[in-house]
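Peer 1:
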Amino acid sequence: MSYGNSFSISDTIVALSTPTGIGAIGVIRVSGNNAFSITEHIFKGKKLSIQHSHTAHFGHIIDKESVVDEVVATVFKNPNSFTKEDVVEISCHGSPYIINKIIKLLIQNGCRYARAGEFTQRAFLNGRFDLAQAEAVADLIASENESAHTAAMNQMRGGFSKELKNLREELVNFASLIELELDFAEEDVAFANRDDLKKTVLKLHTFTYNLVQSFDLGNAIKNGVPIVIAGKPNAGKSTLLNTLLNEEKAIVSDIAGTTRDVIEDELTLDGIKFRFIDTAGLRETTDKLEAIGIERTRKKMSEASLILYLFDIKNTTLAAIETEKKALLKLQIPIVLVANKIDGFENSADFETLENIVFISALEKNGIEQLKSKLLKTVKSTDFKTGDAVITNIRHFENLTQTQQALERILEGLDLNISGDLLAQDIRQALFYLGQITGEVTTDDLLGNIFSKFCIGK
Ligand SMILES: Nc1nc2c(ncn2[C@@H]2O[C@H](COP(=O)(O)OP(=O)(O)OP(=O)(O)O)[C@@H](O)[C@H]2O)c(=O)[nH]1
Ligand SMILES: [Mg+2]
């Protein structure tokens, strides 16, 4: 079987699986039918092919008569390896010269250099896991914080795959029954009970609906929960961004309207990645550029998971803030009010009556910890639970959305009592999109697209 081009799945492949560059050790992975015999050509030590799986063996890599390196070769016998093929992992000294030399020797003895993601692709093709799980391997490797790690780990270990597969199976059964009806068209029989079909479709619809809904959260986990810092010019938004990041990221000045464009950066708090977004101050303006900036502020606000509404406590009345708050609540996004510039300000009592308010001095870095815990609390209470099945992958999102549309067409069709052949078409569509998620339905293009985004060696 070949995938995408002339490369064959029966080739024995090799690549460095640790990062390139100098390291204490480098691990070279060899996978395929001839993994042992090829390695034995250049490995002086015990005969690898007769060793037990999951055992490590000291030996030398030999080029003609000379010793290239002292190494440890770990043996994995099919199907008990990552790829479900015979695998040797050679741990050598981490010099790029040695690593290249060993890979070259392996290629001269019959290996092929692996393509990006080819080890994981083989794991998928050999049935170690489905496509969605294979994709989670990439997410797992890329995960930088606790919540991204949890989501990727859940998905790699099965996540929504199992439930999705079971429900798809149910639908496959209905599809075959309806196809059967078509064969007996003249006799006007119904093998597929329409009520049961409807129940299955509804179950699938609810399940996929929840997954589709989880994408915003999944996206936030992967790319950071977007938190917009908004407020009037000179409130201290850019100062706050800099204080949070501990870096002079944004320009600060006492000129109102300093920030024109959106400035953002990431910060991980308590295992959750946040994207803090500093924006142009909100006011009426005749300045063309500033107006564009304010337009962007409004857009970012509408997309935020949380808005920090900052105001200069020295320059604001309680009534003004109450009016602002009312307007903000219309966005239906959680709001935290942040009273800034409390340094040297004594009369904050009035404002303490407001709900969801934090008092800070962005300049003197006071109240920042309270602010951080306030936003963690707010974000966590707005169903930031990574234990549930969450989709983080745009490809899954698209396929699920398409599935939903097909399911809705089936439901409509059932209500209208349409003929079996039309029903079958919509069912096939739903099955197609569902199958693309977990990989029951694949094309070379699809696989090529997914695995080429992996690194070589993974
Ligand atoms: N006293 C005091 N001054 C502050 C504080 N935070 C910011 N400032 C000052 O307020 C002025 C405006 O700060 P910026 O951070 O540029 O305000 P901004 O909200 O980003 O303003 P625009 O970008 O124009 O919308 C600067 O002179 C800051 O030094 C604070 O906590 N206390
Ligand atoms: Mg600013």
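Going by our numbering, the sequence shown opens with residue 67, and the numbers climb by one from there. Glycine included, each C-beta is placed from N, C-alpha and C at the ideal position.
1. Give the secondary structure of residue 472 by DSSP, where H, G and I count as helix, E and B as strand, and everything else as coil.
2. Please classify residue 452: does DSSP put it in a helix, a strand, or coil?
3. Tell me the rounded alpha-carbon separation between residue 88 and residue 202.
4. For residue 124, count neighbouring Cβ atoms within 10 angstroms of its own Cβ and tell me buried if that reaches 16, exposed if not.
5. Extract the residue ranges of the beta strand (DSSP E) inside the region 291–342, only unbroken runs of 3 or more that lie entirely within it.
6. Is the beta carbon of residue 136 sitting closer than 9 angstroms to the one on residue 126?
7. By Cβ distance below 7 angstroms, which residues in the same chain neighbour residue 238 in space, the five residues on each side in sequence not counted?
8. Applying the criterion that 16 or more other CB atoms from any shown protein chain within 10 Å of the CB defines a buried residue, is residue 322 buried or exposed?
9. In angstroms with no decimal places, state the Cα-to-Cα distance between residue 409 and residue 347.
10. For residue 243, which residues from the same chain have a beta carbon less than 8 angstroms from its beta carbon, with the 5 sequence-adjacent residues on both sides left out?
11. Suppose the cutoff is 7 angstroms on Cβ atoms and the five residues either side in sequence are ignored; what does the same chain contact list for residue 77 look like?
12. Grab me the residues of residue 523's own chain with a C-beta within less than 6 angstroms of its C-beta, minus the 5 sequence neighbours each way, in chain order.
13. Buried or exposed: where does residue 452 fall if 16 or more other Cβ atoms within 10 Å of its Cβ makes it buried?
14. What would DSSP say about residue 369, mapped onto helix, strand or coil?
15. Helix, strand or coil: how does DSSP classify residue 285 here?
16. In three-state DSSP terms, what is residue 507?
17. Mind checking residue 118: buried by the 16 CB within 10 Å criterion, or exposed?
18. Within 10 angstroms of its Cβ, does residue 319 collect 16 or more other Cβ (buried), or is it exposed?
19. Do residue 345 and residue 315 come within 9 angstroms of each other at the CB atom, strictly closer than that value?
20. Please say whether residue 457 and residue 284 have beta carbons closer to each other than 9 angstroms?
21. Pick from 474, 147 and 437: whose alpha carbon is nearest that of residue 268?
22. Residue 270: which of 226, 507, 364 and 413 sits nearest, CA to CA?
23. Can residue 382 be considered in contact with ligand 1, in the sense that its beta carbon sits closer than 8 angstroms to one or more heavy atoms?
24. Work out the CA separation of residue 352 and residue 209 for me, nearest whole Å.
25. Between the region 171–190 and the region 505–522, can you find at least three pairs of beta-carbon atoms closer than 8 angstroms?
26. DSSP on residue 156, reduced to helix/strand/coil?
27. Return yes when at least one heavy atom of ligand 1 lies under 8 angstroms from the C-beta of residue 315, else no.
28. Report the partner residues of residue 459 according to the DSSP bridge assignment.
29. Can the beta-carbon of residue 109 be found closer than 9 angstroms to that of residue 156?
30. Going by the CB atoms, is the gap between residue 441 and residue 335 shorter than 9 angstroms?
31. Which partner residues of residue 213 appear in the DSSP bridge assignment?
32. Heavy atom of ligand 2 less than 8 angstroms from the Cβ of residue 303, yes or no?
33. Should residue 368 be labelled buried (16 or more other beta-carbon atoms within 10 Å of its own) or exposed?
34. According to DSSP, is residue 226 helix, strand or coil?
35. With a 10 Å radius around its C-beta and 16 neighbouring C-beta atoms as the bar for buried, classify residue 147 as buried or exposed.
36. For residue 189, which residues in the same chain have their Cβ closer than 6 angstroms to its Cβ, ignoring the five residues on either side in sequence?
Peer 2: In brief:
1. Locating residue 472 in the sequence shown gives position 406, counting from the first residue. Reduced to three states, the DSSP call for residue 472 is helix.
2. As a position in the sequence shown, residue 452 is number 386, starting the count at 1. Residue confidence for residue 452 is low, a pLDDT of 48 falling below 50, so the modelled location carries little weight; the figure read from the coordinates is stated next. If DSSP states are grouped into helix, strand and coil, residue 452 belongs with coil.
3. In the sequence shown, residue 88 corresponds to position 22, counting from 1. In the sequence shown, residue 202 corresponds to position 136, counting from 1. Each residue's Cα considered, the two are about 28 angstroms apart.
4. Reading the sequence shown from its first residue, position 58 is the one you call residue 124. It is exposed - the Cβ of residue 124 has fewer than 16 other Cβ atoms within 10 Å.
5. 291–297 and 329–335
6. For the purposes of this step, residue 136 is identified with residue 70 of the sequence shown, where counting begins at 1. For the purposes of this step, residue 126 is identified with residue 60 of the sequence shown, where counting begins at 1. Yes; because the gap between Cβ atoms is below 9 angstroms, this pair is in contact.
7. Your numbering for residue 238 matches position 172 in the sequence shown. Around residue 238: 497.
8. Taking the sequence shown and counting its residues from 1, one reaches residue 322 at position 256. So residue 322 ends up on the exposed side.
9. Mapped onto the sequence shown, residue 409 falls at position 343. Mapped onto the sequence shown, residue 347 falls at position 281. Each residue's alpha carbon lies about 21 angstroms from the other.
10. Residue 243 sits at position 177 when you count from the first residue of the sequence shown. Around residue 243: 257 and 258.
11. Within the sequence shown, the letter at position 11 stands for residue 77. Answer for residue 77: 98 and 178, listed in chain order.
12. Working through the sequence shown from its first residue, we reach residue 523 at position 457. Cβ neighbours of residue 523 beyond the five flanking positions: 81, 82 and 83.
13. Within the sequence shown, residue 452 is the residue found at index 386, counting from 1. Reliability of the predicted coordinates at residue 452 is poor, the pLDDT of 48 falling under 50, and the value obtained from them is presented with this limitation in mind. Residue 452 is buried by the Cβ-count criterion.
14. The residue you call residue 369 lines up with position 303 of the sequence shown. Reduced to three states, the DSSP call for residue 369 is helix.
15. Position 219 of the sequence shown, counted from the start, is the residue given in the question as residue 285. In this structure, residue 285 counts as helix in the three-state DSSP scheme.
16. Sequence index remark: in the sequence shown, residue 507 carries index 441 (1-based). It is coil, neither helix nor strand.
17. Locating residue 118 in the sequence shown gives position 52, where the first residue counts as 1. Classification of residue 118: exposed, given that the 10 Å Cβ count is below 16.
18. Taking the sequence shown and counting its residues from 1, the one referred to as residue 319 is at position 253. That one is exposed.
19. Walking along the sequence shown from the start, residue 315 turns up at place 249. Walking along the sequence shown from the start, residue 345 turns up at place 279. No.
20. Translated into the one-based positions of the sequence shown, residue 284 becomes position 218. Translated into the one-based positions of the sequence shown, residue 457 becomes position 391. Yes, the Cβ-Cβ distance between residue 284 and residue 457 is below 9 angstroms.
21. Locating residue 268 in the sequence shown gives position 202, counting from the first residue. Closest option to residue 268, Cα to Cα, is 474.
22. By one-based count along the sequence shown, residue 270 stands at place 204. For the residues 226, 507, 364 and 413, the minimum Cα distance to residue 270 belongs to 226.
23. Working through the sequence shown from its first residue, we reach residue 382 at position 316. Residue 382: no, Cβ never under 8 angstroms from ligand 1.
24. As a first step, residue 209 must be located in the sequence shown, where it is residue number 143. As a first step, residue 352 must be located in the sequence shown, where it is residue number 286. Residue 209 and residue 352: Cα-Cα distance of roughly 45 angstroms.
25. Yes, the region 505–522 is in contact with the region 171–190.
26. Taking the sequence shown and counting its residues from 1, the one referred to as residue 156 is at position 90. Of the three classes helix, strand and coil, the one that applies to residue 156 here is strand, per DSSP.
27. In the sequence shown, residue 315 corresponds to position 249, counting from 1. Answer for residue 315: no, Cβ out of range of ligand 1.
28. As a first step, residue 459 is located in the sequence shown; it is residue number 393 there, counting from the start. Listed as beta-bridge partners of residue 459 by DSSP are no residues whatsoever.
29. Counted from its first residue, the sequence shown places residue 109 at position 43. Counted from its first residue, the sequence shown places residue 156 at position 90. Taking 9 angstroms as the Cβ cut-off, residue 109 and residue 156 qualify as a contacting pair.
30. On the sequence shown, position 269 is the one that residue 335 refers to. On the sequence shown, position 375 is the one that residue 441 refers to. It is a contact, given that the beta carbons lie within the stated cut-off.
31. Looking up residue 213 in the sequence shown gives position 147. Answer is none; residue 213 lacks a bridge partner.
32. By 1-based counting over the sequence shown, the position of residue 303 is 237. Indeed, a heavy atom of ligand 2 lies less than 8 angstroms from the Cβ.
33. Mapped onto the sequence shown, residue 368 falls at position 302. With fewer than 16 Cβ atoms within 10 Å of its Cβ, residue 368 is classed as exposed.
34. Against the sequence shown, residue 226 aligns to sequence position 160. The answer is coil: DSSP assigns residue 226 none of H, G, I, E or B.
35. Here the question's residue 147 lines up with position 81 in the sequence shown. Buried, by the Cβ-count rule.
36. Along the sequence shown, one-based indexing puts residue 189 at 123. Around residue 189: 148 and 149.
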